[in-house]
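Numbering-wise (the numbering used here), the sequence shown opens with residue 175 and increments by one. Think of the CB as a built atom: it goes at the ideal place given N, C-alpha and C, for glycine as much as any other residue. Here's the structure we're looking at; comments come further down.
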Amino acid sequence: MTTRASDYLLQLVDEAVEILYITARHFKNAMILFSGGKDSITLSHIAYKAFYPAPPPFKLLQVDTGHNFPEAMEYRDWFVRHFGYTLEVADVQKAIDRGLVTEPEGPDKNRNRIQSAVLLDYVRTHNVDALLGGGRRDEDRARAKERIFSHRDVSGSWRPENQRTELGTLAHLSIAEGEHFRIFPLSNWTELDVWYYIREHNLPVPSLYFAKPREVIFRNGAWVQISPYIALRPDETPTTRSIRFRTLGDITITGGIESKATTVEDIIRELESTLTSERGHRHDDRQTAYSMEVRKREGYF
């Protein structure tokens with residue numbers, strides 16, 4: 175990395191730290207949304223460093239659909255132990271069992287859409303007033319127009335037409351009872367910036383990010399890994415390809431790419447020449463051009 179690039183990464187980290195400090199000062203019960211993906215790993219690591227040697231004033235919160243990559247769950251547990259975080263889990267299966275949400279049906283069924291209701295139920299019952307997330311503006315057009323400090327009304331909805339004025343990290347953070355904020359300290363980062371940070375700090379990441387032979391099917395324009403939650407169609411035949419994942423979500427909706435990248439350096443070189451969005455391989459984001467915005471209006475991350 176050049177000196178100029180290294181200086182820019184430091185500026186991004188400084189901005190993220192300032193946002194974390196503002197959050198810690200202003201909110202009483204803020205939590206970090208943690209999936210075990212590279213963005214939440216980076217955000218949680220920055221928070222760990224920002225408050226060291228004191229523990230971070232935020233717990234981690236995972237919305238567990240039950241349809242996870244085993245590698246991501248193993249990594250999550252390691253991360254929590256290694257950095258001394260407290261992990262809370264909003265369990266989708268338990269929410270289904272008690273009738274809060276209904277199990278989706280159909281050939282492409284997945285639990286991604288019902289996560290929002292489970293998350294909002296947790297926010298209400300635990301009086302969470304701020305959720306820190308690793309969302310970045312380069313991921314999607316909906317994220318691109320969202321504020322760093324993003325207000326949510328009592329229903330948990332995002333109203334882009336009613337966003338509050340924001341100047342840098344100066345924002346109007348007052349909330350009424352039942353409202354909360356979603357806060358995105360990595361808003362101005364890119365996918366490459368995240369990997370530069372991971373390389374700089376030699377951070378372990380889930381093995382899913384690295385290419386290896388995986389049993390997959392080609393569905394909805396992406397390579398989907400075979401799992402107990404995938405029902406094969408008559409015209410689908412599993413094949414083995416060298417696959418890695420650029421973004422991690424439910425195993426049912428996360429598509430991989432063919433790749434030979436087996437190290438962080440390989441990934442950086444690959445990304446420096448790619449022209450496709452990382453979320454272009456997520457089935458939930460490919461349904462319409464505005465899929466992300468529709469879900470965010472419903473309370474999605």
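Which residue or residues does DSSP assign as beta-bridge partners of residue i?
| i | result |
| --- | --- |
| alanine 204 | Ala304 |
| isoleucine 442 | DSSP lists no partner for isoleucine 442. |
| proline 387 | Ser416 |
| serine 324 | Arg356 |
| glutamate 340 | Ala345 |
Helix, strand or coil for residue i? Go by DSSP, reduced to three states.
| i | result |
| --- | --- |
| alanine 396 | strand |
| aspartate 236 | The question names aspartate, but residue 236 in the sequence shown is glutamine. Here glutamine 236 sits in strand by DSSP. |
| proline 244 | helix |
| proline 262 | Here the sequence assigns glutamate to residue 262, which means proline is not the residue at that position. The answer is strand: DSSP assigns glutamate 262 an E or B state. |
| arginine 460 | Only weak support exists for where arginine 460 lies, its pLDDT of 48 falling under 50; the coordinates are left without a value. |
| phenylalanine 225 | helix |
| isoleucine 372 | helix |
| tyrosine 296 | helix |
| serine 381 | helix |
| serine 290 | helix |
| alanine 350 | coil |
| serine 218 | helix |
| tyrosine 249 | helix |
| lysine 268 | helix |
| lysine 212 | helix |
| tyrosine 195 | helix |
| phenylalanine 475 | coil |
| arginine 311 | coil |
| aspartate 282 | coil |
| leucine 183 | helix |
| proline 230 | coil |
| threonine 177 | helix |
| valine 275 | coil |
| arginine 407 | coil |
Please determine, among the options, the residue with the shortest C-alpha to C-alpha distance to residue i.
| i | options | result |
| --- | --- | --- |
| alanine 246 | Ala318, Arg388, Pro380 and Ala385 | Pro380 |
| aspartate 424 | Ala190, Arg315 and His241 | His241 |
| arginine 516 | Val292, Trp252, Thr239 and Val254 | A question about residue 516 goes unanswered here, because the residues of the chain that appear run from 175 up to 475. |
| valine 263 | Gly273, Val237 and Ala304 | Val237 |
| leucine 261 | Gly210, Asp314 and Gly352 | Gly210 |
| arginine 298 | Glu410, Val328, Leu186 and Val266 | Val328 |
| leucine 305 | Phe225, Glu353 and Arg415 | Glu353 |
| alanine 316 | Ile193, Glu335, Asn301 and Gly330 | Glu335 |
| threonine 437 | Pro359, Leu382, Pro408 and Trp252 | Leu382 |
| lysine 202 | Leu184, Leu366, His219 and Ser348 | Ser348 |
| tyrosine 474 | Gly280, Ala291 and Glu279 | Ala291 |
| isoleucine 372 | Asp213, Gln185 and Glu452 | Asp213 |
| phenylalanine 243 | Ile196, Ser401 and His375 | Ser401 |
Rounded C-beta distance between residue i and residue j? I'm assuming under 8 Å.
| i | j | result |
| --- | --- | --- |
| tryptophan 369 | isoleucine 441 | 6 Å |
| leucine 364 | arginine 310 | Inspection of the sequence shows that residue 364 is occupied by threonine rather than by leucine. Their Cβ separation, rounded to whole angstroms, is 7 Å, which keeps threonine 364 and arginine 310 in contact under 8 Å. |
| glutamate 467 | asparagine 362 | Contact flag wrong, Cβ pair sits at about 20 Å. |
| threonine 413 | valine 390 | 6 Å |
| isoleucine 170 | valine 275 | Residue 170 lies beyond the residue range present for the chain, which begins at 175 and ends at 475; the question has no answer from this structure. |
| leucine 377 | histidine 219 | 6 Å |
| isoleucine 193 | proline 359 | 4 Å |
For chain B, find out if any of its Cβ atoms is closer than 9 Å to the Cβ of residue i; answer yes or no.
| i | result |
| --- | --- |
| aspartate 181 | The displayed structure is made up of one protein chain only, and chain B is not part of it. |
### Query
Can you find at least 3 beta carbon pairs, one from the region 316–324 and one from the region 337–352, that sit closer than 8 Å?
yes
message: Could you check whether the region 222–238 touches the region 200–214, counting it as contact only if at least three pairs of C-beta atoms, one from each stretch, sit closer than 8 Å?
response: yes
Validate contact between the region 425–437 and the region 396–410 using beta carbons, cut 8 Å, 3 pairs: yes
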